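S.K.:
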Amino acid sequence: MTDRLGELTAAGVAIWLDDLSRVRLSSGNLDQLRREKHLVGVTTNPTIFAKALSDAGEYNWQLRDLASRGVTVEEAVRMLTTYDVRWACDVMRPAYDASGGVDGRVSIEVDPRLAYETDKTVAEAKALWWLVDRPNLFIKIPATEAGLPAITATLAEGISVNVTLIFGLERYSQVMEAFLAGLEQAKANGHDLTKIASVASFFVSRVDTEVDKRLEKAGSAEAKGLRGKAAVANAQLAYERYAEVFSSARWQALADAGAHPQRPLWASTSTKNPDYRDVIYVEELVAPGTVNTMPEPVIHAVADHGEIRGDTVTGAYDEARQVFAGLASAGIDFDDVIDTLEREGVEKFEASWQELLDGVRKSLEAAAEGAGQPNRAAQDNASAAARAGGNA
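Reminder that position 259 of the sequence shown reads as 259 in full-length UniProt numbering, one-by-one numbering, no gaps.
1. Which first and last residues belong to the beta strand (DSSP E) in which D31 is found?
2. From the DSSP output, in three-state form, read off R263 for me.
3. Answer yes or no: do K213 and V323 have a C-beta to C-beta separation smaller than 7 Å?
4. What is the residue span of the alpha helix (DSSP H) that K120 lies within?
5. Classify I166 as helix, strand or coil using the three-state DSSP reduction.
6. Are there 16 or more other CB atoms within 10 angstroms of the CB of N292, so buried, or fewer, so exposed?
7. Looking only at C-alpha atoms, which of A368, V360 and G370 sits nearest to L53?
8. At the level of alpha carbons, what is the spacing between V207 and E369?
9. In chain order, what residues of the same chain have a beta carbon less than 8 Å from the beta carbon of S99, not counting five sequence neighbours either side?
10. Check this for me: beta carbons of A143 and V122, under 7 Å apart or not?
11. Could you say which of V132, V13, A146 and R64 lies nearest to E342 if we only look at CA atoms?
12. Going straight from the alpha carbon of D318 to that of V91, what length do you get?
13. Does N136 come out as helix, strand or coil in the three-state DSSP assignment?
14. One question on the structure: do A76 and L364 come within less than 7 Å of each other, judged by their Cβ atoms?
15. I need the straight-line Cα distance from R113 to F49, nearest angstrom please.
16. At what residues does the beta strand (DSSP E) containing V106 begin and finish?
17. Given this structure, state the Cα-to-Cα distance separating A303 from S268, to the nearest angstrom.
18. Using the Cα positions of P374 and W61, report the straight-line distance between them to the nearest angstrom.
19. Kindly list the residues whose CB is nearer than 8 Å to the CB of G6, restricted to its own chain and excluding five residues on each side of it in sequence; keep chain order.
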């Protein structure tokens, strides 16, 4: 049988899973994917954790312990999520060792409510790095304007970073600049650059979703003919910028000191439009030195019917530019698309984080009631209600 995932790996694409849960860990599913599907990394986000913890079954014992300790909801969330990420790091450790620290990485994101606060983002990144305490961890930091200096400062501490929520080319260039500055500072601070890694998560399918909506509104045949093309073209031109930056003399000086390049990571690669091929954001984004993080159904789809045609990126730059010329002619303001996607991306993760907090609060209260003892989360809620009543 054709090993399509093996072909993808041989073409230079690292296959990562865009999902994590306690069930996936305890059942051995994650380890099975690593052993059988060429999986070499894992990404998480607040939405993934909110979904995982919505079914509290696998988390009940830990929730009971946390309720017995009377921890706050915020602390409970961190204990639950870092437990899973630490476990996943251990599962992926063979891939980390085999790749010399390049792959085998597992990501955990800073609180998305801090997306516009630089100092707090850095502080939380350091806390998460200490709490998980695994060399193959990535701390995810959003590529907001406030996130850029946080990326530099976190890397300067010797902490590996997954930069998330990148949608546009200019912001991507700023992310690479933040990465280079961070490594230069890390070197000056005496850190071993061979131990530091980073990826830049360039979101894909969400671009088509937003652009296609605007193309439909434009209504012309020319506009409709551009549907489903913006996301791939955007990512292809991002790779062009990556190739330029990581062939520069500035980068070479860091490479000579043992640094690994910050690889482009294609995120949000499940197809949202059922009219499009379900593996389009894998097949059309094959290039050396990249990562593609996929939900498990996409991994299986690629294994079943993916067409791996070698590098589909580096020879497509001119065609990608033509797509953007067409979008401009159709009246699509791509800068506004990017601004909209970044703002909505932060808002969606904030909403998922709140959903996660609310779910854990209810689980803690239930666990505390089952144990016949008060819980600090419930007490905090009661105290807040009392203060609100007193201020009325």
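Think of the CB as a built atom: it goes at the ideal place given N, C-alpha and C, for glycine as much as any other residue.
These numbers come from a predicted model, not from an experiment.
M.R.: Reading it off the structure:
1. It is not in any beta strand (DSSP E) - D31 instead sits in the alpha helix (DSSP H) that spans N29 to E36.
2. Note: R263 maps to strand in three-state DSSP.
3. Their beta carbons are not under 7 Å apart, which means K213 does not touch V323 by this criterion.
4. T118 to V132
5. strand
6. buried
7. Looking from the CA of L53, the closest CA among A368, V360 and G370 belongs to V360.
8. 46 Å
9. V40
10. no
11. A146
12. 42 Å
13. coil
14. yes
15. 15 Å
16. That run of the beta strand (DSSP E) goes R105 to E109.
17. Answer to the nearest angstrom: the Cα atoms are 18 Å apart.
18. Annotation note: pLDDT 48 at P374 (below 50); position unreliable, coordinate value reported separately. Approximately 17 Å between the Cα atoms of the pair.
19. H38
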